[in-house]
Amino acid sequence: MARKPLVAGNWKMNKTTIEATFLLQELAYACEKRYEDMDVVVCPPFTNLRSARVVFDSDKSGIKIGAQDVFWEDEGAYTGAISPLMLKELGCSYCIVGHSERREFFGETDEMVNAKARALIRHGIAPIICCGETLETRDAGETESFVTAQVRAALTEITADEAQKAVIAYEPIWAIGTGHTPTPEMAEETCAAIRLELTELYGTATAQEMRILYGGSMKPSNVKHFEPLPNIDGGLIGGASLVAADFIDLLKAFD
Ligand code: 13P
């Protein structure tokens with residue numbers, strides 16, 4: 017079964033409104049075609065989602081927008097939080113959850129990641145569920161058990177039908193922003209273990225439909241190592257998504 021590739025840019029906490037508007041327009045302009053056979057997603061900070069919507073609505077690129085986080089309640093006294101309803105209103109079709117930076121700096125647990133994923137699915141927004149090991153975990157030979165436990169926990173009480181909308185992003189923590197990447201064999205081995213876990217949870221048909229992305233120092237110069245791997249269906253791109261030409265090159269690699 018051929019899965020539709022997905023390439024998502026995670027801008028993280030970068031770009032003021034003016035800078036973001038410039039980059040969004042650069043992207044829309046440089047995108048030479050409408051990607052019909054691939055999902056292209058840009059996840060700017062909350063403050064730039066509306067600008068992204070306006071820019072991508074007014075051109076033909078077909079680029080979708082996503083958020084980098086969400087809270088699980090629809091509304092209420094949760095100072096500082098953003099709800100799935102608010103994201104939906106802005107036209108977000110994807111939202112990253114459980115990024116290792118949120119786990120590290122904001123104390124996000126597997127239970128919170130699961131609550132966020134369920135809330136998003138309830139509102140028709142596809143969660144991009146991140147998982148990934150530290151270097152210590154990898155050195156201890158525990159990568160597969162650690163990562164698959166994260167995936168299983170994030171998908172608690174999510175049915176096979178609902179899970180089809182979810183995307184898993186494998187991002188080894190030691191590869192994020194470091195310039196280090198796993199070998200293709202390491203990346204494929206871990207993503208295959210994730211798919212096996214999905215098969216155990218949901219059966220072959222659903223597991224074969226779900227998309228698994230690789231993230232961590234992916235750039236135009238190394239994408240060729242990851243793109244052909246059977247269990248990798250796209251990328252979650254940090255640094256390289258802040259440079260329009262690099263992001264477009266990555267899209268071309270997966271097209
Ligand atoms: P880098 O591509 O900058 O390593 O970041 C990856 C990432 O964390 C995407 O979510």
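If you're matching positions, the sequence shown starts at 17 in this note's numbering and goes up one per residue.
The C-beta atom is built at its ideal place from N, Cα and C for all residues, glycine as well.
Residue environment, residue i, which counts as buried when at least 16 other CB atoms sit within 10 Å
i, result
"alanine 93", "exposed"
"phenylalanine 72", "buried"
"valine 70", "exposed"
"proline 198", "buried"
"alanine 221", "exposed"
"serine 74", "exposed"
"arginine 119", "buried"
"isoleucine 34", "exposed"
"phenylalanine 38", "exposed"
"lysine 49", "exposed"
"alanine 223", "buried"
"lysine 31", "buried"
"tyrosine 45", "exposed"
Nearest to residue i (by Cα), restricted to the options the options
i, options, result
"glutamine 84", "Phe62, Glu120 and Ser74", "Phe62"
"lysine 240", "Leu266, Ala223, Glu216 and Met128", "Leu266"
"asparagine 247", "Ile210, Glu187 and Ser99", "Ile210"
"leucine 151", "Thr159, Ile144 and Tyr230", "Thr159"
"proline 21", "Glu127, Leu39 and Met54", "Met54"
"proline 60", "Cys108, Pro244 and Leu217", "Cys108"
"valine 58", "Phe162, Gly254 and Tyr186", "Gly254"
"glutamate 89", "Leu136, Pro143 and Gly25", "Leu136"
"proline 115", "Gly140, Leu101, Glu91 and Val86", "The residue you asked about is not proline; residue 115 is histidine in the sequence shown. Closest by alpha carbon: Val86."
"threonine 164", "Ile192, Gln180 and Glu205", "Glu205"
"glutamine 166", "Leu258, Glu213, Ala256 and Pro100", "Glu213"
"glutamate 216", "Leu258, Leu171, Lys235 and Ala97", "Leu171"
"glycine 140", "Lys104, Ser77, Glu201 and Asn30", "Lys104"
"phenylalanine 121", "Glu225, Met29 and Ile264", "Met29"
"glycine 82", "Asn238, Val23 and Glu52", "Val23"
"leucine 258", "Gly25, Ala18 and Arg19", "Gly25"
"glycine 193", "Asp262, Gln180, Gly231 and Arg66", "Gly231"
"aspartate 271", "Ala256, Pro244 and Leu106", "Pro244"
"valine 113", "Leu43, Arg138, Ala142 and Leu106", "Ala142"
For residue i, the residue or residues it bridges with in DSSP
i, result
"proline 143", "Cys111"
"lysine 80", "Val57"
Under the three-state DSSP convention, the category residue i falls into
i, result
"cysteine 47", "coil"
"tyrosine 230", "strand"
"alanine 182", "coil"
"alanine 170", "helix"
"asparagine 64", "helix"
"alanine 18", "coil"
"asparagine 30", "coil"
"glycine 25", "strand"
"isoleucine 272", "There is no way to answer for residue 272, as the model of the chain reaches only from 17 to 271."
"threonine 215", "helix"
"tryptophan 88", "coil"
"asparagine 247", "coil"
"alanine 133", "helix"
"threonine 159", "helix"
"valine 305", "Residue 305 falls outside the range modelled here, since the chain spans only 17 to 271, and no answer is possible."
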